[in-house]
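In our numbering, the protein residues as written are 45 to 322. Where is the CB? At the ideal position from N, CA and C, for every residue including glycine. Read through the structure below, which is laid out as structure tokens, and then see the notes.
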């Protein structure tokens with residue numbers, strides 16, 4: 045168990061990069077429940093302030109680089125959605141959580157999906173939030189078709205059916221971020237909606253990397269408007285808005301987010317990345 049102020053063991057993470065907790069003070073695992081409760085109360089207050097019900101906005105915990113026992117502590121405190129950036133970490137963490145009897149929960153992929161990891165993503169998760177091209181969507185659709193045809197079961201033990209996906213939107217036009225450009229999103233949504241083995245459930249945004257509150261709000265508002273345009277075009281399943289992280293979640297909720305993604309506010313700081321081992 046990690047102790048407050050303890051220097052963690054260094055290692056190699058799931059993306060093949062060296063990580064270090066040297067000098068990083070992380071909250072003890074026993075503090076995670078309280079930290080999650082605090083976030084849940086903040087999100088509920090923001091939802092009420094925006095004129096919605098206190099439970100209108102879900103919380104997805106971003107578990108990047110977090111040990112399974114820390115994730116389990118959040119689940120026992122009431123968390124019900126976990127997001128992973130790396131497929132390898134997802135599969136390893138979920139295996140350990142199942143073995144430990146952790147509460148059931150949804151798992152979302154919130155990192156870029158490489159073509160060769162598409163099948164693993166489908167088998168390990170309940171939703172891929174980061175579809176940003178018709179090429180990736182088509183690949184997911186083909187793999188899911190084979191899974192359905194072969195009678196495969198999902199991670200809950202039920203027969204495989206349509207798989208939930210979201211479109212990641214690069215509303216800020218940042219070259220350093222993945223995501224479909226806003227002007228392409230409505231057409232892309234229409235194309236994905238025609239794929240028989242996928243269900244488009246919403247849009248996902250990583251907000252503008254700026255301290256300009258007006259720019260951040262505009263970024264979120266633009267994605268909400270895109271969602272509304274997609275629904276107006278007949279894709280009624282596209283209802284969710286995965287927008288807002290630790291630093292901008294109140295703005296995101298005000299602009300219509302239905303799910304915020306929070307990590308460090310609950311789990312504490314991530315490790316430093318040192319050098320690549322690739």
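Can you grab the Cα-Cα spacing for the pair residue 309 / residue 140, in whole Å?
Mapped onto the chain shown, residue 309 falls at position 265. Mapped onto the chain shown, residue 140 falls at position 96. The alpha-carbon atoms of residue 309 and residue 140 are separated by roughly 23 Å.
Would you say residue 136 lies against chain B (beta-carbon separation less than 8 Å)?
No chain B is part of this structure, which consists of one protein chain only.
Counting only the same chain and skipping the five closest in sequence on each side, list residues whose C-beta sits under 7 Å from that of residue 313.
Taking the chain shown and counting its residues from 1, the one referred to as residue 313 is at position 269. Within the same chain, residue 313 has close Cβ partners 68 and 70.
Taking only runs of the beta strand (DSSP E) that begin and end inside the region 58-118, which ones reach a length of at least 3 residues, in chain order?
Correct list: 61-64 and 102-106.
Three or more beta-carbon pairs under 8 Å between the region 217-231 and the region 142-149, yes or no?
No, the region 217-231 does not touch the region 142-149.
If you run the structure through DSSP and keep just helix, strand and coil, what is residue 204?
Mapped onto the chain shown, residue 204 falls at position 160. Note: residue 204 maps to coil in three-state DSSP.
What is the DSSP secondary structure of residue 279, counted as helix, strand or coil?
Here residue 279 refers to the residue found at position 235 of the chain shown. Note: residue 279 maps to coil in three-state DSSP.
For the beta strand (DSSP E) holding residue 173, just list the boundary residues, first then last.
On the chain shown, position 129 is the one that residue 173 refers to. Residues 171-175.
CA-CA distance, residue 288 and residue 269?
Here residue 288 is taken as the residue at index 244 of the chain shown, counted from 1. Here residue 269 is taken as the residue at index 225 of the chain shown, counted from 1. Distance between the alpha carbons of residue 288 and residue 269: 16 Å.
Do residue 181 and residue 175 have their CB atoms nearer than 8 Å?
Working through the chain shown from its first residue, we reach residue 181 at position 137. Working through the chain shown from its first residue, we reach residue 175 at position 131. The answer is yes: Cβ separation under 8 Å.
Does the region 202-209 come within contact of the region 241-248, defined as at least 3 CB pairs closer than 8 Å?
Yes: the two stretches touch, three or more of their Cβ pairs being nearer than 8 Å.
Between which two residues does the alpha helix (DSSP H) holding residue 297 run?
If you number the chain shown from 1, residue 297 lands on position 253. Run containing residue 297: 293-298, per the alpha helix (DSSP H) assignment.
Please name the residue, chosen from 222, 249, 250 and 213, that lies closest to residue 232 on a Cα-to-Cα basis.
Locating residue 232 in the chain shown gives position 188, counting from the first residue. Considering only alpha carbons, the answer is 213.
Where does residue 303 sit, in a helix, a strand or coil, going by DSSP?
For the purposes of this step, residue 303 is identified with residue 259 of the chain shown, where counting begins at 1. Three-state DSSP puts residue 303 in a strand.
Are the beta-carbon atoms of residue 128 and residue 145 separated by less than 8 Å?
To locate residue 128, count along the chain shown from 1; it is residue 84. To locate residue 145, count along the chain shown from 1; it is residue 101. No, the Cβ-Cβ distance between residue 128 and residue 145 is not below 8 Å.
Three or more C-beta pairs under 8 Å: does that hold for the region 186-194 against the region 255-272?
No: fewer than three Cβ pairs fall under 8 Å.
Measure the alpha-carbon distance for residue 264 versus residue 296 and round it to whole angstroms.
The residue labelled residue 264 in the question sits at position 220 within the chain shown. The residue labelled residue 296 in the question sits at position 252 within the chain shown. So the two alpha carbons sit approximately 6 Å from each other.
Identify whether residue 50 lies in helix, strand or coil by the three-state DSSP scheme.
Translated into positions along the chain shown, residue 50 becomes position 6. The predicted model places residue 50 with a pLDDT of 35, which falls under 50 and marks its position as unreliable; any figure quoted below should be read in that light. Coil.
Does DSSP classify residue 162 as helix, strand or coil?
Here residue 162 corresponds to residue number 118 of the chain shown, with the count starting at 1. Helix, per DSSP.
Quick one: using the 10 Å Cβ neighbour count with 16 as the cut-off for buried, is residue 292 buried or exposed?
Stepping through the chain shown from its first residue, residue 292 is reached at position 248. It counts as buried.
Which two residues bound the contiguous beta strand (DSSP E) that contains residue 141?
As a first step, residue 141 is located in the chain shown; it is residue number 97 there, counting from the start. Residue 141 -> not in any beta strand (DSSP E); alpha helix (DSSP H) instead, spanning 131-144.
Assign residue 338 to buried or exposed, taking buried as 16 or more other Cβ atoms, counted over all protein chains shown, within 10 Å of its Cβ.
Missing from the structure shown is residue 338; the chain here goes from 45 to 322 and no further.
Work out the CA separation of residue 65 and residue 272 for me, nearest whole Å.
The sequence position of residue 272 within the chain shown is 228, counting from 1. The sequence position of residue 65 within the chain shown is 21, counting from 1. Looking at the two C-alpha atoms, the distance is approximately 43 Å.
Could you please give the first and the last residue of the uninterrupted beta strand (DSSP E) stretch that includes residue 126?
Taking the chain shown and counting its residues from 1, the one referred to as residue 126 is at position 82. Looking at the DSSP string, the run of the beta strand (DSSP E) that includes residue 126 is 125-128.
I'd like to check one pair, residue 246 with residue 286: are the Cβ atoms closer than 8 Å?
Looking up residue 286 in the chain shown gives position 242. Looking up residue 246 in the chain shown gives position 202. Yes. Within cutoff.
Which ranges does the beta strand (DSSP E) cover as unbroken runs of at least 3 residues, wholly within the region 184-272, from first to last along the chain?
With a minimum length of 3 residues, the continuous beta strand (DSSP E) runs that stay inside the region 184-272 are 207-213 and 242-249.
Among 96, 92, 191 and 177, which one has its Cα closest to the Cα of residue 236?
In the chain shown, counting from the first residue as 1, residue 236 sits at position 192. With distances taken between Cα atoms, residue 236 lies closest to 177.
If you draw a straight line from the alpha carbon of residue 137 to that of residue 120, how long is it in whole angstroms?
Residue numbering aside, residue 137 sits at position 93 when the chain shown is read from its first letter. Residue numbering aside, residue 120 sits at position 76 when the chain shown is read from its first letter. If you take the alpha carbons of residue 137 and residue 120, they lie about 15 Å apart.
Would you mind sorting residue 302 into buried or exposed? The rule is 16 or more other CB atoms within 10 Å of its CB.
What you label residue 302 is simply residue 258 of the chain shown in a count that begins at 1. Buried is the call here.
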